[in-house]
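Asker:
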Amino acid sequence: MCGIVGAIGERNITDVLIEGLRRLEYRGYDSAGLAVVHGGAIERERQPGKVQALADATHASGVSGQIGIAHTRWATHGAPTQDNAHPHQSGDIAVVHNGIIENYEALREQLQAEGYVFTSQTDTEVVPHLIQSELKKGGDFMAAVRRAVAQLHGAFALGIVRATEPQRLLAVRQGSPLVVGLGIGENFISSDQLALLPVTNRFIYLEEGDFIELKRDQVTIWDASGAVIARPSVELDATVHASSKGTYKHYMLKEIYEQPAAIQRTLAGRVSNGQVAIDAFGPQAAELLSKAKHVQILACGTSYHAGYVAKYWFEAIAGVSCHVEVASEFRYRTTVLPADTLLVTISQSGETADTLAALREVKSRALGSLCICNVPTSTLVRESDLAFITHAGPEIGVASTKAFTTQLVALMLLVLATGRRQGNLTAERERDIVAQLAGLPTLCDEVLAMDQAIERIAAEFGDKHHTLFLGRGAQYPVAMEGALKLKEISYIHAEAYPAGELKHGPLALVDQDMPVVAVAPKNDLIDKLKSNLQEVRARAGVLYVFADHAADVRAEPGIKVFSMPSVADEVAPILYTIPLQLLSYHVAVIKGTDVDQPRNLAKSVTVE
Ligand code: G6P
Numbered sequence: 164m165c166g167i168v169g170a171i172g173e174r175n176i177t178d179v180l181i182e183g184l185r186r187l188e189y190r191g192y193d194s195a196g197l198a199v200v201h202g203g204a205i206e207r208e209r210q211p212g213k214v215q216a217l218a219d220a221t222h223a224s225g226v227s228g229q230i231g232i233a234h235t236r237w238a239t240h241g242a243p244t245q246d247n248a249h250p251h252q253s254g255d256i257a258v259v260h261n262g263i264i265e266n267y268e269a270l271r272e273q274l275q276a277e278g279y280v281f282t283s284q285t286d287t288e289v290v291p292h293l294i295q296s297e298l299k300k301g302g303d304f305m306a307a308v309r310r311a312v313a314q315l316h317g318a319f320a321l322g323i324v325r326a327t328e329p330q331r332l333l334a335v336r337q338g339s340p341l342v343v344g345l346g347i348g349e350n351f352i353s354s355d356q357l358a359l360l361p362v363t364n365r366f367i368y369l370e371e372g373d374f375i376e377l378k379r380d381q382v383t384i385w386d387a388s389g390a391v392i393a394r395p396s397v398e399l400d401a402t403v404h405a406s407s408k409g410t411y412k413h414y415m416l417k418e419i420y421e422q423p424a425a426i427q428r429t430l431a432g433r434v435s436n437g438q439v440a441i442d443a444f445g446p447q448a449a450e451l452l453s454k455a456k457h458v459q460i461l462a463c464g465t466s467y468h469a470g471y472v473a474k475y476w477f478e479a480i481a482g483v484s485c486h487v488e489v490a491s492e493f494r495y496r497t498t499v500l501p502a503d504t505l506l507v508t509i510s511q512s513g514e515t516a517d518t519l520a521a522l523r524e525v526k527s528r529a530l531g532s533l534c535i536c537n538v539p540t541s542t543l544v545r546e547s548d549l550a551f552i553t554h555a556g557p558e559i560g561v562a563s564t565k566a567f568t569t570q571l572v573a574l575m576l577l578v579l580a581t582g583r584r585q586g587n588l589t590a591e592r593e594r595d596i597v598a599q600l601a602g603l604p605t606l607c608d609e610v611l612a613m614d615q616a617i618e619r620i621a622a623e624f625g626d627k628h629h630t631l632f633l634g635r636g637a638q639y640p641v642a643m644e645g646a647l648k649l650k651e652i653s654y655i656h657a658e659a660y661p662a663g664e665l666k667h668g669p670l671a672l673v674d675q676d677m678p679v680v681a682v683a684p685k686n687d688l689i690d691k692l693k694s695n696l697q698e699v700r701a702r703a704g705v706l707y708v709f710a711d712h713a714a715d716v717r718a719e720p721g722i723k724v725f726s727m728p729s730v731a732d733e734v735a736p737i738l739y740t741i742p743l744q745l746l747s748y749h750v751a752v753i754k755g756t757d758v759d760q761p762r763n764l765a766k767s768v769t770v771e
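For our numbering, add 163 to where a residue sits in the sequence shown, where the first one is 1.
#1: Which residue from Asn-247, Gln-599 and Gly-317 puts its Cα closest to that of Tyr-267?
#2: What is the DSSP secondary structure of Asn-261, counted as helix, strand or coil?
#3: Which residue comes first and which comes last in the beta strand (DSSP E) that contains Lys-723?
#4: List the residues that DSSP assigns as beta-bridge partners of Gly-183.
#5: Are Asp-715 and Asn-686 closer than 8 Å when you measure CB to CB?
#6: Which one or two residues does DSSP pair with Tyr-267 in a beta bridge?
#7: Please confirm whether Val-382 has its beta-carbon closer than 8 Å to some beta-carbon of chain B.
#8: So if I measure from each beta-carbon to every heavy atom of the ligand G6P and keep distances below 5 Å, which residues remain?
#9: Taking the Cβ atom as the reference point for each residue, do Gly-231 and Val-258 lie within a distance shorter than 8 Å?
#10: Tell me the start and end of each unbroken alpha helix (DSSP H) in the region 697-756 that is at least 4 residues and wholly inside, in chain order.
#11: Using only alpha-carbon positions, find the residue among Val-538, Pro-361, Asp-246 and Val-730 that is nearest to Val-168.
#12: Quick check on the DSSP output: the beta strand (DSSP E) that includes Glu-418 runs from which residue to which?
#13: Distance check for Asp-517 and Ile-460, CA to CA, integer angstroms please.
#14: In the DSSP output, which residue or residues are listed as bridge partners for Ile-552?
#15: For Asn-143, count neighbouring C-beta atoms within 10 Å of its own C-beta (all shown protein chains included) and say buried if the count is 16 or more, exposed if not.
#16: Check each candidate in Gln-275, Glu-658 and Leu-600 and name the one with the smallest Cα separation from Gly-668.
#17: State the CB to CB distance for the pair Val-610 and Leu-738, rounded to an integer number of angstroms; the pair is presumed to be in contact (CB under 8 Å).
#18: Shortest alpha-carbon distance to Ile-171 belongs to which of Arg-207, Ala-233 and Arg-190?
#19: With respect to the beta strand (DSSP E) encompassing Trp-237, which residues constitute its N-terminal and C-terminal limits?
#20: Assess contact between the region 425-442 and the region 470-480, defined as three or more Cβ pairs (one per stretch) separated by less than 8 Å. Is contact present?
#21: Can you confirm whether the region 281-295 touches the region 304-318 when touching is taken to mean that 3 or more C-beta pairs between the two stretches lie within less than 8 Å?
#22: Just to confirm the assignment, what range does the alpha helix (DSSP H) spanning Gln-599 have?
#23: Just mark Ser-224 as buried or exposed, buried being the case when its beta carbon has 16 or more other beta carbons within 10 Å.
#24: Taking the continuous beta strand (DSSP E) assigned at Val-324, which residues delimit it?
#25: Would you mind reading off the limits of the alpha helix (DSSP H) that contains Glu-546?
#26: Please state whether DSSP places Glu-297 in a helix, a strand or coil.
#27: Provide the residue span of the beta strand (DSSP E) that contains Gly-464, from first to last.
#28: Can you find the residues in the same chain that come closer than 6 Å, C-beta to C-beta, to Tyr-189, ignoring five residues on each side of it along the sequence?
#29: What are the start and end residues of the beta strand (DSSP E) that includes Gly-169?
#30: If you draw a straight line from the alpha carbon of Ile-384 to that of Asn-350, how long is it in whole angstroms?
#31: For the ligand FAD, any of its heavy atoms closer than 7 Å to the Cβ of Arg-700?
#32: If you compare alpha carbons, which of Leu-357, Glu-265 and Gly-202 is closest to Ser-512?
#33: Can you give me the C-alpha to C-alpha distance between Leu-466 and Asp-676, rounded to a whole angstrom?
#34: Quick one: using the 10 Å Cβ neighbour count with 16 as the cut-off for buried, is Gln-337 buried or exposed?
#35: Given 8 Å as the limit, is there contact between the region 561-579 and the region 750-768, that is, 3 or more CB pairs closer than that?
#36: Residues bridged to Leu-461 by DSSP?
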């Protein structure tokens with residue numbers, strides 16, 4: 164999704180801007196641009212495609228300056244062309260924007276009537292023209308920006324420079340992420356602190372409605388009421404956040420392999436003597452978990468699948484009813500929350516627009532809100548009553564892997580804590596499941612050792628157009644996640660079904676050209692699942708089954724079986740996710756797609 168970097172200093176800041184954009188590449192984008200102030204004028208470079216194209220063009224043209232803004236654009240309004248790339252300009256004003264201006268059409272007509280000429284199809288271009296129009300009415304630069312912003316509807320973050328005022332860079336945070344990076348004699352803004360790690364480890368996390376003025380040696384912030392406000396700065400341990408591919412070919416593969424260590428980090432300090440430390444969810448957690456009569460989970464994408472697994476766990480292990488829904492649906496329908504509902508949001512980034520909006524919409528009607536998140540400084544963490552940080556470490560691949568399995572571990576801890584506080588879980592069962600969780604890293608290593616076997620069969624998917632993923636019970640969302648991974652990175656259409664639903668439609672699609680992948684650990688439903696697999700085989704469907712020894716699924720022509728380690732039923736969804744990640748990864752590599760930055764997708768979806 165769109166990314167913003169801005170810098171003001173004494174040195175030429177173009178390299179800072181470009182390096183910042185490179186570090187935002189993982190978010191997903193399709194064009195990039197920058198604008199600097201030089202000799203009293205705005206100089207711009209914009210290129211469709213990769214940041215490298217922008218870097219080449221910038222170095223060729225020699226654009227340089229001591230103040231500038233830069234942007235990676237993920238197209239919403241208008242194709243990813245040079246004209247639509249940010250920054251957008253109106254006379255001496257240049258603007259980068261993340262988010263959506265919902266009333267841009269009306270503003271565009273109004274500004275066209277005033278004589279402003281538009282050169283792009285973007286919603287963003289109204290912003291520099293509007294600021295220009297306000298400047299003509301008088302007052303200073305910041306006053307004009309304020310009046311312009313007051314006319315914008317939607318969620319956005321803005322970075323703004325003015326050629327005639329090279330001593331200050333203005334910014335606004337209103338619904339889209341933005342942080343300030345503090346340097347020595349230079350200051351920065353970005354939509355993600357990762358972009359600024361080469362230049363600083365000191366950050367100010369902004370609040371919604373903040374207006375910011377960056378000077379070389381001074382940062383001033385006004386809150387939504389217009390009052391100057393001192394927001395605290397936070398110093399990060401930069402090494403914790405360093406992220407490189409190391410010897411791996413892709414971030415996604417590295418992150419798949421990091422899962423044993425990531426799960427260990429999620430558990431560290433959160434369990435002791437066979438019990439979950441309830442305080443790990445925050446000081447009021449014990450009280451909230453005792454009072455909750457219902458759990459409503461809200462999330463998007465992969466995080467939604469984690470929530471879907473947890474729904475099975477909450478009801479089976481904690482004895483508490485649970486609903487799960489994608490946030491983009493929940494936020495816009497009329498909802499009735501049962502009394503004493505605990506709201507649980509799940510998000511890797513903590514910045515997903517729909518998840519945040521759903522939280523804001525429903526929070527006041529809930530008993531309390533708890534988020535499970537990988538980014539401690541994120542908006543979701545700040546706006547939730549309680550937060551549990553997964554400690555998965557930075558996830559760069561757009562397709563989520565270690566964030567998902569660590570979310571599942573966190574959710575199981577929450578389920579255990581809830582079960583205990585509700586009096587529905589014996590100490591013995593809790594101890595048992597805690598031990599299963601502690602054993603997961605070793606089992607994950609065993610599954611990772613299946614990598615080559617999975618790679619060998621990946622070629623059989625390379626020329627296919629459709630696949631079906633099957634699971635039952637808590638393995639159904641695992642199948643959903645497997646299907647999502649395959650479509651995200653290999654562009655092969657994949658659908659997941661609870662295997663019991665096969666004969667209500669999808670069986671009509673099954674033939675030798677549609678591989679069917681099944682997750683089949685030994686559990687109460689294994690015999691039922693095996694009957695479903697026979698239904699597939701009887702229609703010449705080719706099966707790829709991940710099963711443990713006890714499940715006793717026999718390999719035969721048309722049925723390939725991958726032998727999984729035995730694992731307790733409760734935590735099996737966590738383990739069975741991993742071979743499906745490896746399968747998607749290898750299919751994508753065979754297809755030659757951009758594994759870490761698949762087309763049209765973004766890591767952090769900060770617009771709805
Ligand atoms: C995007 C990402 C997915 C992610 C989803 C939700 O679609 O590509 O990997 O699952 O957003 O993101 P969140 O940060 O809220 O987990």
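Using N, Cα and C, we set each Cβ at its ideal position, and we do this for glycine too.
Answerer: Put simply:
#1: Gly-317
#2: strand
#3: 722-727
#4: Paired residue(s): none; Gly-183 is not in a bridge.
#5: no
#6: DSSP, once it has assigned bridges, lists no residue as partnering Tyr-267.
#7: As a matter of chain content, chain B is missing from the structure shown, which is built from one protein chain.
#8: Cys-463, Gly-464, Thr-465, Ser-466, Ser-510, Gln-511, Ser-512, Thr-515, Val-561, Ser-563 and Val-768
#9: no
#10: 735-754
#11: Pro-361
#12: First-last for Glu-418: 414-420, but that is the alpha helix (DSSP H), not the beta strand (DSSP E).
#13: 13 Å
#14: Cys-536
#15: What the structure shows of the chain is the stretch from 164 to 771, and residue 143 is not part of that stretch, so it cannot be assessed.
#16: Glu-658
#17: 6 Å
#18: Ala-233
#19: Where Trp-237 is concerned, there is no enclosing beta strand (DSSP E), given that its DSSP letter is neither H nor E.
#20: no
#21: yes
#22: 590-611
#23: exposed
#24: 317-325
#25: 542-546
#26: helix
#27: Element bounds for Gly-464: not the beta strand (DSSP E) but the alpha helix (DSSP H), 464-476.
#28: Ile-559 and Lys-766
#29: 166-171
#30: 13 Å
#31: With respect to the ligand FAD, the structure shown offers nothing to examine, as its ligands consist of the ligand G6P.
#32: Leu-357
#33: It should be pointed out that residue 466 corresponds to Ser in this sequence rather than to Leu. Rounded to the nearest angstrom, the two C-alpha atoms are 31 Å apart.
#34: buried
#35: yes
#36: Glu-488 and Thr-508
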